[in-house]
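Working notes, beginning with the structure itself.
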Amino acid sequence: MPSNNISLNLQQDLVFRNPLTGQNAIWLMHDTTLDVGRYTTAVPDANWSLVGVGDFNGDFNSDLVWRNKATGQNAIWLMHDTTLSTGVYTTPVADLNWQIVGTGDFNDDGNSDLVWRNKATGQNGIWLMNGTTLSTGVYTTPVADLNWQLVSTGDFNSDRSSDLVWRNQATGQNAIWLMNGTTLSTGVYTTPVADQNWQIVGTGNFNDDVSSDLVWRNKATGQNGIWLMNGTSLSSSLYINSVVDPNWQIVGTGRFSLFAPPRYSRVVGNGSNDITAGDFNGDAKTDLVITNLGGGTVTVLLGTGTGTFPTAVDYFAGNNANGVITGDFNGDAKADLAVTNGGGQVAVLLGTGTGTFSAAVNYPAGSTPDSLFVGDLTAGDFNSDGKTDLVVTNWRSNSVSVLLGTGTGAFQPAVSYAAGRDPSGIVVGDFNVDGKTDLAVTNFGSNTVSVLLGTGTGTFQPAVNYAAGNGPLGIVAGDFNIDGKTDLVVTNLNSNTVSVLLGTGTGTFQTAVSYAVGSRPRSVVAGDFDRDGKTDLAVANEGYPVLSLLLGNGNGTFQAAVNEVVGISFLGIVAGDFNRDGKTDLAMTETGLTRREIVVLLNQS
């Protein structure tokens with residue numbers, strides 16, 4: 155059967171059921187290797203068979219399909235990550251000869267449909283579903299020879315219509331029906347496997363090409379394997395992790411996390427803290443830079459374009475180097491760095507365009523810029539002169555400092571503006587749609603967000619405060635309800651929530667609405683992680699679990715957080731396309747008793 159002769163980028167998870175014990179489990183895969191195995195809700199009643207995996211509510215998270223072989227009831231578990239969110243019954247089928255054999259999309263509506271086979275008559279049918287509800291049931295071509303088992307579905311000719319996979323339990327022949335919707339277009343044989351202990355148990359795209367692949371399990375030995383397919387032909391094969399206990403059955407494949415388990419991590423400096431991304435050497439590959447709070451340095455990591463960052467160089471940026479941003483401060487079209495440090499200064503490191511930076515030049519920025527938390531400086535054009543300016547939060551003086559840029563890489567003396575108590579995170583945006591850059595600041599000590607409207611001359615109006623949660627810290631701006639007006643989201647360290655403040659377009663914001671996330675959320679980024687055209691949120695948590703994903707509904711609300719355990723304790727987070735596949739990935743700084751590193755999570759949507 156398979157031979158271990160290739161390396162994969164596995165992007166499918168495997169679903170298992172043990173009918174003897176009632177346990178159910180999901181393997182989150184890393185390449186061809188099990189990274190994390192998680193149990194989900196058990197079902198001790200052995201009459202309930204786990205018969206399929208599909209997405210029935212359009213959230214990019216796979217759901218589980220059940221059939222009761224005693225009562226004829228059918229049910230769908232809507233899953234939240236690997237956790238049961240809601241269980242719903244769908245139309246029952248009392249005739250127990252009818253078996254659900256898989257799911258697929260047979261009418262190109264984006265909804266999973268159910269595939270049936272009658273083990274007594276050889277009839278085959280497809281339920282076109284509207285979510286979890288039967289919309290239309292249709293028969294497709296029957297197969298009277300009951301040795302032919304309909305075992306799975308997939309797309310083997312890249313026409314966006316699901317195809318049907320067959321295995322003959324008497325002869326070992328395997329075949330694929332290329333479907334045109336619910337109608338058989340062409341039937342083709344593929345490589346036979348005479349050993350009947352080998353069973354086809356699912357399909358998935360395991361090498362990110364345009365064809366579905368086949369998943370096999372040997373019910374006698376516990377071996378598991380994958381056939382990488384080129385259309386309907388076998389291209390390559392390999393083994394994956396075995397499960398010796400034959401009671402464990404693979405029932406299908408799905409995606410139970412938008413982000414794969416850590417694809418890349420590496421140790422960086424002492425006290426890794428903030429993180430940002432840019433192209434520092436002009437090779438069109440995304441690079442990273444991290445501040446090291448304990449070492450007073452920034453670490454520049456040059457990207458390979460494959461999601462890895464093997465080259466790291468440290469630059470001194472001042473004691474307690476904390477927040478970091480990139481920008482072009484001297485107008486040479488090369489990325490520069492600005493870093494806050496514990497000496498009450500902003501260190502500016504001008505880029506050469508080759509991935510290296512000049513020695514830091516420090517500019518006073520007020521009374522000790524925040525040396526405790528990330529996200530404490532940002533850039534914009536505050537006086538409309540086409541030159542990049544800086545603004546920094548000053549934790550101890552309850553203010554923000556504005557440093558106007560000269561366009562030569564230097565900055566004018568700081569001018570301070572009052573904010574709330576213990577200002578921490580800061581973002582810029584045009585909150586009143588007047589074409590002038592405004593500021594929004596989280597105030598950790600007063601549980602508010604301060605909004606300072608810009609005049610366009612480099613000065614700002616007095617702060618107006620809006621209530622947030624307990625201990626607001628990180629902040630991000632975006633248009634979360636697609637109305638063309640800038641909204642805000644802040645992390646609340648002490649209440650384990652994020653607060654969403656929708657903008658009115660007049661410089662004011664609606665009352666905050668909060669959503670639960672993991673423990674001690676530190677930083678937040680926005681992006682379209684599930685590629686549905688709606689802005690989502692990713693939150694780095696200092697406590698457990700360390701990553702929270704909130705998918706946006708496009709109307710200013712968010713789905714409940716999906717929490718991922720992908721590290722120990724995260725502080726900073728940045729989004730970018732690190733492997734050049736057009737999907738938004740995440741990189742985070744991780745801290746712990748023995749770990750000071752970055753973790754890169756590649757998007758699997």
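Residue numbers for the sequence shown follow the numbering used here, beginning at 155 and rising by one. For every residue, glycine included, the Cβ atom is placed at its ideal position computed from N, Cα and C. This structure is a prediction, so every number in the text was calculated from the model and none was measured.
Item                                                                                                                                                                  : Value
When the Cβ atoms of the segment 660 to 671 are set against those of the segment 715 to 731, are three or more pairs found closer than 8 Å?                           : yes
May I have the straight-line CA-CA distance separating residue 339 from residue 280, to the nearest angstrom?                                                         : 15 Å
So is residue 737 buried or exposed if we call it buried at 16+ other beta carbons inside 10 Å?                                                                       : buried
From the DSSP secondary-structure annotation, give me the bridge partner or partners of residue 577.                                                                  : 597
To the nearest angstrom, how far is it from the Cα of residue 271 to the Cα of residue 603?                                                                           : 59 Å
Which class does residue 499 belong to by DSSP, given the choice of helix, strand or coil?                                                                            : strand
Enumerated in chain order, which unbroken segments of the alpha helix (DSSP H) with a length of 4 residues or greater are wholly contained in the segment 238 to 279? : none
Among residues of its own chain, excluding the 5 on either side of residue 642, which ones have a beta-carbon nearer than 6 Å to its beta-carbon?                     : 594, 631 and 655
Taking the straight line between their C-alpha atoms, what separation do you get for residue 385 and residue 739?                                                     : 29 Å
What are the residues that DSSP puts in a beta bridge with residue 452?                                                                                               : 445 and 469
To the nearest angstrom, report how far apart residue 353 and residue 403 are at their CA atoms.                                                                      : 10 Å
Tell me the DSSP bridge mates of residue 356?                                                                                                                         : 369
Check each candidate in 266, 467, 733 and 532 and name the one with the smallest Cα separation from residue 481.                                                      : 532
Can the beta-carbon of residue 743 be found less than 8 Å from the beta-carbon of residue 429?                                                                        : yes
Which residue wins for smallest C-alpha separation from residue 288, given the options 300, 452 and 265?                                                              : 265
Is it a yes or a no for the segment 238 to 253 touching the segment 169 to 177, going by three-plus beta-carbon pairs under 8 Å?                                      : no
At what residue ranges does the segment 654 to 689 contain a whole run of the beta strand (DSSP E), taking only runs of 3 or more?                                    : 667 to 670 and 675 to 681
Roughly how many whole angstroms lie between the Cα atoms of residue 494 and residue 366?                                                                             : 49 Å
Determine, using beta carbons only, whether residue 444 and residue 419 come nearer to each other than 8 Å.                                                           : no
Quick check on residue 193: does DSSP put it in helix, strand or coil?                                                                                                : strand
Thinking C-alpha only, which one of 581, 565, 605 and 563 is nearest residue 572?                                                                                     : 605
Per DSSP, which one or two residues make a beta bridge with residue 337?                                                                                              : 334
Using the beta-carbon count (16 or more within 10 Å), is residue 665 buried or exposed?                                                                               : exposed
Tell me which residues share the same chain as residue 633 and place their Cβ nearer than 8 Å to its Cβ, disregarding the 5 neighbours each side in the sequence.     : 639, 640, 641 and 689
Can you tell me which of the three DSSP states residue 374 falls into?                                                                                                : coil
Hey, quick one: how far does the beta strand (DSSP E) through residue 724 stretch, first residue to last?                                                             : 724 to 730
Check for me: the beta strand (DSSP E) holding residue 486 runs from which residue to which?                                                                          : Element bounds for residue 486: n/a, residue is neither H nor E.
Starting from the Cα of residue 401, find the closest Cα among 377, 325 and 755 and give me that residue.                                                             : 377
Thinking C-alpha only, which one of 304, 286 and 283 is nearest residue 277?                                                                                          : 304
Determine the DSSP secondary structure at residue 744, reduced to helix, strand or coil.                                                                              : strand
So, with DSSP's three-state summary, where would you put residue 364?                                                                                                 : coil
I'd like to know whether the C-beta atoms of residue 283 and residue 309 end up nearer to each other than 8 Å.                                                        : no
On the DSSP letters alone, give me the boundaries of the beta strand (DSSP E) that residue 402 sits inside.                                                           : Unbroken run through residue 402: none, as it is neither H nor E.
Run the CB neighbour count on residue 223, radius 10 Å, all protein chains shown included, and call it buried at 16 or more, exposed below.                           : exposed
Give the secondary structure of residue 650 by DSSP, where H, G and I count as helix, E and B as strand, and everything else as coil.                                 : coil
My output table needs one value for residue 524: the three-state DSSP class, helix, strand or coil.                                                                   : Residue placement at residue 524 is poorly supported in this model, since its pLDDT is 46, which falls under 50; the coordinates still yield a value, given next. Looking at residue 524 - three-state DSSP - the assignment turns out to be coil, as it is neither helix nor strand.
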